[in-house]
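Read top to bottom, the protein sequences are chains S and R.
Residue numbers for the first sequence follow the numbering used here, so the first one is 3 and each next one is one higher.
Residue numbers for the second sequence follow the numbering used here, so the first one is 3 and each next one is one higher.
Idealized CB from N, CA, C, for every residue including glycine.
Keep in mind that this is a model prediction, so the values were computed, not measured.
What follows is a set of notes on a single structure, which appears directly below.
Number of protein chains: 2
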Amino acid sequence: MKKNTELSESLEDYLEAILDLEQDKKVARAKDIARKLGIQPGSVTGGLKSLVEKNLINYEPYSYITLTAEGARIAKLITRRHRVLKDFLLKVLQFDEKTAETAACRMEHAVDEASVERLVDFVEYLFECPRTGGAWIQAFVDYTRTGKKSWEKCAACIDDCMERHQERKMH
Amino acid sequence: MKKNTELSESLEDYLEAILDLEQDKKVARAKDIARKLGIQPGSVTGGLKSLVEKNLINYEPYSYITLTAEGARIAKLITRRHRVLKDFLLKVLQFDEKTAETAACRMEHAVDEASVERLVDFVEYLFECPRTGGAWIQAFVDYTRTGKKSWEKCAACIDDCMERHQERKMH
DNA sequence: GACTGATGTTAGATATGCAAAACAATATGA
DNA sequence: TCATATTGTTTTGCATATCTAACATCAGTC
């Protein structure tokens, strides 16, 4: 029995913002949600109503807003998607903070959970594998800066690779 | 002077579909666009009008549809985004065809041109670099299948790495 | 030249999402 | 406890995007 909650993008954004505010200030308020999402306070009310109907938040007019258990569960999934995507853009593709944040924000609604897992796996693998890891990523970063693929440095790079391999064996 | 055309997602979809149909059948027709986008024929007309206003397509009621030079330029950018993203999902993250297609479809509107370039660079680099390349990707694929990070196979993996390096030197 | 089927357009309905502004509740503090 | 500022809500309106169903046009055929 799969919950086919099918939230719209904007409802997902609301949930994400609410989780964030909860963690920051215990409870969320309409104004803070509006500011975080860059919309007018008047636009928030409708979204909150939808979320109440779907039993994802506890909320009554003029009161604070908190997530229900189910709401929190979903909000955390969405937030994780965001974090993973941003991580990838930031640490692997080397986007700057702002670009990574913006792109992650827009991409997070386009990917399902399974895909996110795969991406997490990929990023982790890229960092952990002796054949890649930090040095490989650094080489890619250098390439993005200089535009030069310095294959002549490969020998040193492979040495690093073996070192990482040895280290892993030790442990 | 940057053209701030700011197309909506659906208009981007129209352009992409039209480019595709043009390449396939010389000209696009409303019905084909509708079928390709999975919407009703009646819904297409409005989108076409917007695109005419923005000078991105040549179109008059009851006639065929073709892209203007500017429209073709933009459509190609969008299509490239799609292709690059799908390539990444397909070849690196090893999504199956259908999942990759769907995800690429939804992600292509979330990424700007510069980000796409960076992703292209990354994928190319990943394939070309002796330290990664096909063998590394295969190892990652194996990992996604088995869930096991077989670091014990590293020695062989590093050998492959050096071979690729030698090959590159020869050339 | 008129019929017919395929294709295209229009109009009206529905839904979403957001903004602006008028209005309501709450909280603060003197 | 009253006045005021802050915060929240409602209403209205706009823009986008879609569907359905009625209507228009086109191209081919008899």
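In chain order, what residues of the same chain lie with their CB nearer than 6 Å to the CB of residue i, ignoring the 5 residues before and after it?
i     : result
S/A19 : I35, K38 and L39
S/V46 : A32, I35 and A36
S/N6  : Because the pLDDT at S/N6 is just 47, under 50, the model does not fix this residue reliably, and the value given afterwards should be weighed accordingly. Contacts found: none.
S/E8  : none
R/L41 : Here residue 41 of chain R turns out to be Ile, not Leu, going by the sequence shown. Excluding positions up to five away in sequence, the list is empty.
Locate the alpha helix (DSSP H) running through residue i, then write down its first and last residues.
i      : result
S/T101 : E99 to M109
S/I35  : A32 to L39
R/G149 : R/G149 -> no alpha helix (DSSP H), and no H or E assigned at all.
S/D15  : E11 to K27
S/D162 : C156 to M172
R/R120 : E115 to E130
S/K51  : P43 to E55
Please list the terminal residues of the continuous beta strand (DSSP E) segment that includes residue i.
i     : result
R/T68 : I67 to L69
R/Y61 : I59 to Y61
Taking the alpha carbon of residue i as the reference point, which residue from the options has its own alpha carbon closest?
i      : options                          : result
R/W153 : R/L58, R/W138, R/L13 and R/E165  : R/W138
S/R120 : S/F90, S/A105, S/E103 and S/T148 : S/F90
R/K51  : R/P43, R/G44, R/Y61 and R/Q42    : R/Y61
S/T148 : R/T81, R/R166 and R/D123         : R/D123
R/K156 : S/V86, S/E99 and S/R170          : Rather than Lys, the amino acid found at residue 156 of chain R in this sequence is Cys. The shortest C-alpha separation from R/C156 is found at S/R170.
R/E11  : R/A30, R/G44, R/L53 and R/V125   : R/L53
S/M109 : S/M172, S/K88, S/E8 and S/L17    : S/K88
R/Y16  : R/T81, R/P63 and R/Y127          : R/T81
S/P63  : S/I41, S/K93, S/A30 and S/V118   : S/A30
When you compare only the Cα positions, how much space is there between residue i and residue j?
i      : j      : result
R/Q96  : R/K150 : 16 Å
R/E14  : R/A77  : 7 Å
R/M164 : S/R75  : 47 Å
R/H84  : S/T101 : 19 Å
S/D57  : S/V118 : Checking the sequence, you will find Asn at residue 57 of chain S rather than Asp. About 25 Å.
S/I59  : R/E55  : 43 Å
S/G73  : R/E99  : 32 Å
S/G48  : R/Y145 : 45 Å
R/K28  : S/E130 : 49 Å
S/K93  : S/V143 : 10 Å
Which residues in the same chain have their Cβ closer than 7 Å to the Cβ of residue i, if we skip the five residues on either side of it in sequence?
i      : result
R/D162 : A137
R/M3   : Caution applies to R/M3, whose pLDDT of 43 falls short of 50 and renders its modelled position unreliable; the model cannot decide the point.
R/P132 : C163, R166, H167 and R170
S/T134 : L128
R/L79  : E115
Identify, in the order they occur along the chain, each residue of the same chain with its Cβ nearer than 8 Å to the Cβ of residue i, setting aside the five sequence neighbours on each side.
i      : result
S/C159 : A137, W138 and A141
S/H173 : none
S/P43  : A32, K33 and A36
R/V125 : V86, D89, F90, K93 and V94
S/A71  : none
Taking 8 Å as the threshold, find out whether the stretch 6-25 of chain S comes into contact with the stretch 65-81 of chain S through three or more Cβ pairs. yes
Just checking, does the stretch 105-125 of chain R make contact with the stretch 107-116 of chain S on the three C-beta pairs under 8 Å criterion? yes
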